[in-house]
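Below: one structure, written as C-alpha cells.
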Amino acid sequence: MKHGFHIPVLGLAFSIDTPIKVAKYGINSVLSIVDDELIERIRLFYLAKSGEQPQPISKNESDYRAKRITAYLDLVKQLVDADINRMKNSGFAIGSDLNKYYELLPSQSAEKQIYLAMLQLEEGNERDAFASQLKKLLQPGDIDVNIMSKVDKMNVDKHGHTLEDKYSDASAALRGFANSTLTSSVVLSAGMNPRLYNYLAELPAFLPNEAGKLEKKITLKVSDFRSANIQAKYLAKKGIWVSEFRVESGLNCGGHAFATDGYLLGPILEEFKQKKEELLAELSTIYNEALAKKGCRQLADLKIRFTVQGGIGTADEQSFLLTYYGFDSAGWGSPFLLVPEATTVDEKTLDALVQAEKEDFYLSNASPLGVPFNNFKKSSAEQERILRIKKGRPGSPCTKKYLITNTEFSAEPICTAARVYQHAKIKELETRELSAPDFQKAFEKITEKTCLCEGLATAAYTKYGIQKAKESAAVAICPGPNTAFFQGIYSLQQMVDHIYGRVPIELRNRPNLFINELQLYVDYLRNYIQEVAHDAKKIKFVDKFKAQLLDGISYYRTLSNPLSKLGSLNVPSFLSGLKAFEEQLLKMQLV
Numbered sequence: 018m019k020h021g022f023h024i025p026v027l028g029l030a031f032s033i034d035t036p037i038k039v040a041k042y043g044i045n046s047v048l049s050i051v052d053d054e055l056i057e058r059i060r061l062f063y064l065a066k067s068g069e070q071p072q073p074i075s076k077n078e079s080d081y082r083a084k085r086i087t088a089y090l091d092l093v094k095q096l097v098d099a100d101i102n103r104m105k106n107s108g109f110a111i112g113s114d115l116n117k118y119y120e121l122l123p124s125q126s127a128e129k130q131i132y133l134a135m136l137q138l139e140e141g142n143e144r145d146a147f148a149s150q151l152k153k154l155l156q157p158g159d160i161d162v163n164i165m166s167k168v169d170k171m172n173v174d175k176h177g178h179t180l181e182d183k184y185s186d187a188s189a190a191l192r193g194f195a196n197s198t199l200t201s202s203v204v205l206s207a208g209m210n211p212r213l214y215n216y217l218a219e220l221p222a223f224l225p226n227e228a229g230k231l232e233k234k235i236t237l238k239v240s241d242f243r244s245a246n247i248q249a250k251y252l253a254k255k256g257i258w259v260s261e262f263r264v265e266s267g268l269n270c271g272g273h274a275f276a277t278d279g280y281l282l283g284p285i286l287e288e289f290k291q292k293k294e295e296l297l298a299e300l301s302t303i304y305n306e307a308l309a310k311k312g313c314r315q316l317a318d319l320k321i322r323f324t325v326q327g328g329i330g331t332a333d334e335q336s337f338l339l340t341y342y343g344f345d346s347a348g349w350g351s352p353f354l355l356v357p358e359a360t361t362v363d364e365k366t367l368d369a370l371v372q373a374e375k376e377d378f379y380l381s382n383a384s385p386l387g388v389p390f391n392n393f394k395k396s397s398a399e400q401e402r403i404l405r406i407k408k409g410r411p412g413s414p415c416t417k418k419y420l421i422t423n424t425e426f427s428a429e430p431i432c433t434a435a436r437v438y439q440h441a442k443i444k445e446l447e448t449r450e451l452s453a454p455d456f457q458k459a460f461e462k463i464t465e466k467t468c469l470c471e472g473l474a475t476a477a478y479t480k481y482g483i484q485k486a487k488e489s490a491a492v493a494i495c496p497g498p499n500t501a502f503f504q505g506i507y508s509l510q511q512m513v514d515h516i517y518g519r520v521p522i523e524l525r526n527r528p529n530l531f532i533n534e535l536q537l538y539v540d541y542l543r544n545y546i547q548e549v550a551h552d553a554k555k556i557k558f559v560d561k562f563k564a565q566l567l568d569g570i571s572y573y574r575t576l577s578n579p580l581s582k583l584g585s586l587n588v589p590s591f592l593s594g595l596k597a598f599e600e601q602l603l604k605m606q607l608v
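Residue numbers (my numbering): 18 to 608.
Here's what the structure looks like:
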C-alpha cells in the first residue's frame with residue numbers, strides 16, 4: 018500500500034466510480050457491485066465519455082447480471098491503467114496528476130522522499146534520473162468491490178421458474194468479479210451467507226495460481242473477533258483464504274449499522290491485537306489441509322491484513338489505531354462524501370450535507386432489510402417519503418426488487434418499502450382496535466421504510482445526466498455520524514492532508530473517536546429500553562449490553578496514558594466523559 022488509509026464502499030452510487038477518480042493516485046477504494054442496473058449505466062456513460070461506442074448488455078442475455086459487472090470492472094481497470102500509462106509518459110509539472118500522486122503520499126514514505134529530493138535539483142541528467150525512477154514506482158490503488166451478503170435474492174427465468182443458486186444476486190455479483198481482469202479483493206459484509214460462501218469455494222479464481230499467489234482475494238468486514246473467527250474458519254475449511262479482516266465500528270459508521278451487543282471498538286481491537294498470531298496459525302493449518310485435499314498448489318505467503326474503519330476523524334486517531342493496535346490501514350468513509358474529486362454526490366445533496374446540523378444525521382429503521390440504517394433528514398428521498406404520506410400514498414414503486422423479503426400478503430416476496438406492501442399493512446392496522454397514540458406509532462413504523470434500491474443510486478444518475486424519464490429524482494444517502502463534524506466541501510488534497518495531519522481541517526465540536534462511539538451506544542441502549550419497556554424477556558439482553566459497555570469504559574481508562582500522547586486529546590476531558598456515561602448507564606434499567 019502506498020497510503021495508510023483507504024476509502025470504503027459508500028452506498029451504491031457514491032463510490033461507484035471512486036476507483037476511476039483516485040486509484041491513479043495510489044489510493045485504495047471500494048465500489049459496490051450490488052446494483053447491476055446502476056453499474057451498466059455508469060459503464061455506458063464512461064464509454065461514451067471516452068469516445069467509444071457503447072455496447073449495452075441487455076437483461077435478455079443469459080447471466081446478464083454477472084456480465085454487466087465483469088464488463089464494468091474491466092473498464093474501470095482499463096481506465097485506471099490508461100491514466101497510469103499517461104502519467105508515466107508525461108513530465109513533472111505543477112498541477113499535473115504525476116505531481117499530485119507524490120504530493121498526496123504520506124511524508125514518511127520512501128517514494129515521497131525521492132520526490133522531494135528531485136524537486137531540489139536543477140534541470141539536467143540527475144533530475145531526469147530521479148524522475149525516471151519515480152515513474153517506475155507509480156502503482157495504482159486497489160480496485161476492490163463490495164457484496165453485502167444479505168442482499169441475495171433468488172431469481173427466476175422468463176417463465177417464472179426459480180433459477181439455480183449460482184444465479185442469485187450475490188452469487189452472480191461474485192461471479193462477475195471472479196471473471197474480471199482485476200487483481201484485488203471482494204469485501205464481504207453483513208455477516209455470513211452459507212450459500213454464497215459455498216459457491217465462492219467453487220470458483221477457481223479464489224485459489225492460488227501457478228505462482229502460488231491469489232489474484233482474487235477475500236476481505237471480511239466484521240464487527241468483532243468472534244464473527245471474524247467463525248467466518249474465516251468456515252471458508253478456510255473450503256480452501257478459501259481470508260486475506261484481510263476489515264473491522265468496523267458497529268454504530269459509528271455509514272450505511273447499515275450492525276450494532277454489537279455492547280462491545281466497543283477499543284476492546285474489540287484489543288482482542289484482535291492479542292489473538293492475531295494465534296488466529297493466523299490456526300487458519301493456516303485448516304487452510305493448508307483443505308488445499309491438500311483439493312490437490313491445489315499451496316499459497317506462497319500466508320498473510321492477513323488487519324484494517325479498521327468507522328468514525329475516524331483526525332490524524333492522531335488514525336495514528337493511534339494503526340500503531341497501538343498494530344493495524345495496517347484505516348478507512349475514511351463519510352468524510353469523503355464531501356470530496357467531489359473522490360465520490361459522486363449530486364450538488365443538492367452535497368450542499369445539504371454541508372449545511373446540516375448534528376441532529377440531521379440519525380440511526381433509523383428505514384431499511385427494508387430490518388437492519389438499523391444511518392439516515393439523513395435533509396435528503397430528498399426522506400422529503401419525498403414524507404410528502405407521499407401526506408398525500409395518502411405512502412410507500413414507493415418497487416422496480417429493482419433487490420430487497421424483496423416479505424411474504425405476509427403475497428406468495429412471492431415483496432419489499433416492505435413498496436407501496437403495495439405498506440397499503441396492505443396499513444389496512445391490516447386499521448382493523449385493530451388501537452388507541453390513537455398506539456396507532457400512530459405503528460403507522461410510523463410501517464411508513465418509515467424507504468426505497469434504497471432507487472434512492473441510493475439516484476445521485477449518480479443526477480450528477481451525470483443519465484436519469485431516465487419518470488424515474489424519481491429523490492436521493493437517499495447514508496452518511497455516518499462523523500459527517501456532522503465536517504462542515505465544508507474539500508479537495509482531495511485537503512482531505513488527504515487532513516488525514517496525515519499536514520494541514521488539519523477545523524472540525525465542529527467533535528469528541529474523541531472512542532467517546533463519540535460510546536455515546537452512540539449509550540443512546541442506542543436507552544432507545545432500546547424505551548422500545549421494549551416492561552418486557553421482562555429483554556432484561557437479560559439489556560443487562561449484558563450494559564455490562565459490556567461498562568467493561569469498555571473500564572478498558573478505556575487503562576488507555577489514558579497511551580492516549581495522552583495524542584496532541585489533540587484532552588485527557589481530563591476524556592476521563593470525565595467516561596465517568597459521565599458510566600453514571601448514565603448505572604441508572605439505566607428495564608422495568
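For every residue, glycine included, the Cβ atom is placed at its ideal position computed from N, Cα and C.
Cβ-Cβ separation, residue j to residue i (assumed contact under 8 Å), whole Å
{"i": "Asp169", "j": "Ser149", "result": "49 Å between Cβ atoms; not a contact."}
{"i": "Gln536", "j": "Phe460", "result": "Actually they do not touch by this definition, with Cβ atoms about 30 Å apart."}
{"i": "Leu576", "j": "Gly283", "result": "7 Å"}
{"i": "Tyr507", "j": "Leu367", "result": "Rounded, the Cβ-Cβ distance is 11 Å, inconsistent with contact."}
{"i": "Lys41", "j": "Pro123", "result": "With a Cβ gap of about 17 Å, Lys41 and Pro123 do not count as contacting."}
Check whether residue i and residue j have beta carbons under 8 Å apart
{"i": "Phe242", "j": "Lys292", "result": "yes"}
{"i": "Ser197", "j": "Thr302", "result": "no"}
{"i": "Asp52", "j": "Cys415", "result": "no"}
{"i": "Ala434", "j": "Gly409", "result": "no"}
{"i": "Ser351", "j": "Pro496", "result": "yes"}
{"i": "Pro225", "j": "Leu300", "result": "no"}
{"i": "Gly43", "j": "Tyr118", "result": "yes"}
{"i": "Glu334", "j": "Leu592", "result": "no"}
{"i": "Pro498", "j": "Asn269", "result": "yes"}
{"i": "Trp349", "j": "Phe31", "result": "no"}
{"i": "Tyr545", "j": "Leu566", "result": "no"}
{"i": "Ser396", "j": "Val492", "result": "yes"}
{"i": "Ser166", "j": "Leu213", "result": "yes"}
{"i": "Gly256", "j": "Tyr304", "result": "yes"}
{"i": "Phe393", "j": "Glu401", "result": "no"}
{"i": "Glu534", "j": "Leu281", "result": "yes"}
Buried versus exposed, by CB contacts within 10 Å (16 or more), residue i
{"i": "His20", "result": "buried"}
{"i": "Asn578", "result": "exposed"}
{"i": "Ser452", "result": "exposed"}
{"i": "Phe426", "result": "exposed"}
{"i": "Val203", "result": "buried"}
{"i": "Glu265", "result": "buried"}
{"i": "Lys38", "result": "buried"}
{"i": "Arg58", "result": "buried"}
{"i": "Gln606", "result": "exposed"}
{"i": "Gly108", "result": "exposed"}
{"i": "His551", "result": "exposed"}
{"i": "Thr361", "result": "buried"}
{"i": "Ile247", "result": "exposed"}
{"i": "Asn526", "result": "exposed"}
First through last residue of the beta strand (DSSP E) which encompasses residue i
{"i": "Lys234", "result": "233-239"}
{"i": "Glu261", "result": "259-265"}
{"i": "Val8", "result": "What the structure shows of the chain is the stretch from 18 to 608, and residue 8 is not part of that stretch, so it cannot be assessed."}
{"i": "His23", "result": "22-24"}
Residue range of the alpha helix (DSSP H) that includes residue i
{"i": "Gln335", "result": "332-341"}
{"i": "Glu227", "result": "That residue, Glu227, is in no alpha helix (DSSP H); it is neither H nor E in DSSP."}
{"i": "Pro579", "result": "577-580"}
{"i": "Gly594", "result": "588-604"}
{"i": "Glu548", "result": "530-548"}
{"i": "Phe62", "result": "53-66"}
{"i": "Met512", "result": "509-516"}
{"i": "Ile74", "result": "First-last for Ile74: undefined, no H or E at that position."}
{"i": "Val613", "result": "Because residue 613 is not part of the residues shown, which for the chain are 18 to 608, the question remains open."}
{"i": "Ile37", "result": "35-39"}
Can you give, in chain order, each stretch of the beta strand (DSSP E) that sits fully within the stretch 172-223 and has at least 3 residues?
At a cut-off of 3 residues, the continuous stretches assigned as beta strand (DSSP E) that sit fully inside the stretch 172-223 are 201-206.
Complete runs of the beta strand (DSSP E) confined to the stretch 87-165 [at least 3 residues]:
If one requires a minimum length of 3 residues, the beta strand (DSSP E) runs lying completely within the stretch 87-165 are 160-165, in chain order.
Segments assigned beta strand (DSSP E), at least 3 residues, entirely inside the stretch 344-399
As far as the stretch 344-399 is concerned, its whole beta strand (DSSP E) runs of at least 3 residues are 346-348, 378-381, 390-393.
Contiguous alpha helix (DSSP H) assignments of at least 4 residues, all confined to the stretch 416-504:
If we require 4 residues or more, the alpha helix (DSSP H) runs fully inside the stretch 416-504 come out as 436-447, 453-464, 469-472, 475-481.
Ranges of the alpha helix (DSSP H) found wholly within the stretch 246-323, counting only runs of at least 4
Correct list: 282-311.
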